[in-house]
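In my numbering, the protein residues as written are 68 to 226.
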């Protein structure tokens, strides 16, 4: 990058604006990108960029596919296999080429994740992928405003 760069010369004509993060609900998504990133130490993360087919937003799923914590790695590998099966990957037991994950489609259920601390030390919550389902699967609800079915009884009963 040149030393004479300045903000006044910034041209964003060919840059696409980011989408909006998917709120809670069930969505038909397409994997628009899949890449490996280095984690801390020897850890490796698989990053899946998932975009709602109807254009309503996107969400990123990060899977710790090689991790020093056996539990974290086991969870990530289980999530990856579930995604591959739900999306109809031709070889979900051995996907080989990361490029084969791009353009796969499935349903996802998005819900609020656990609270976490951001880089400013503030506790925040955000939506996250909770499950992967085949496109023809009956979901708890396809209503994007709720992930509860009508027959779940979750009211407080004072005893």
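Ideal Cβ placement from N, Cα and C applies to all residues, glycine included. Please read all numbers here as calculations on a predicted model, not as lab measurements.
Cβ shell of residue i (< 7 Å), same chain only, five flanking positions each side left out
{"i": "residue 104", "result": "112 and 114"}
{"i": "residue 71", "result": "none"}
{"i": "residue 139", "result": "131"}
{"i": "residue 73", "result": "none"}
{"i": "residue 199", "result": "149, 150, 153, 173 and 175"}
Presumed contact (8 Å Cβ cut-off) between residue i and residue j, rounded CB distance
{"i": "residue 117", "j": "residue 126", "result": "5 Å"}
{"i": "residue 190", "j": "residue 184", "result": "6 Å"}
{"i": "residue 176", "j": "residue 93", "result": "5 Å"}
{"i": "residue 169", "j": "residue 100", "result": "6 Å"}
Which listed residue (the options) has its alpha carbon closest to that of residue i
{"i": "residue 143", "options": "154, 110, 119 and 201", "result": "110"}
{"i": "residue 135", "options": "158, 154, 160 and 107", "result": "107"}
{"i": "residue 174", "options": "137, 145 and 155", "result": "155"}
{"i": "residue 96", "options": "87, 121, 90 and 77", "result": "121"}
{"i": "residue 124", "options": "141, 137 and 98", "result": "98"}
{"i": "residue 88", "options": "204, 75, 192 and 200", "result": "192"}
{"i": "residue 203", "options": "152, 189, 133 and 184", "result": "152"}
{"i": "residue 238", "options": "172, 81 and 182", "result": "The displayed coordinates of the chain run from 68 to 226. Any statement about residue 238 would go beyond what the structure contains."}
{"i": "residue 86", "options": "100, 77 and 119", "result": "119"}
Chain-order list of residues whose beta-carbon lies under 8 Å from that of residue i (same chain, five-residue window excluded)
{"i": "residue 102", "result": "113, 114 and 165"}
C-beta atoms of residue i and residue j nearer than 9 Å
{"i": "residue 158", "j": "residue 167", "result": "yes"}
{"i": "residue 205", "j": "residue 91", "result": "no"}
Beta-carbon proximity list for residue i, same chain, < 6 Å, skipping 5 on both sides
{"i": "residue 195", "result": "180"}
{"i": "residue 147", "result": "130"}
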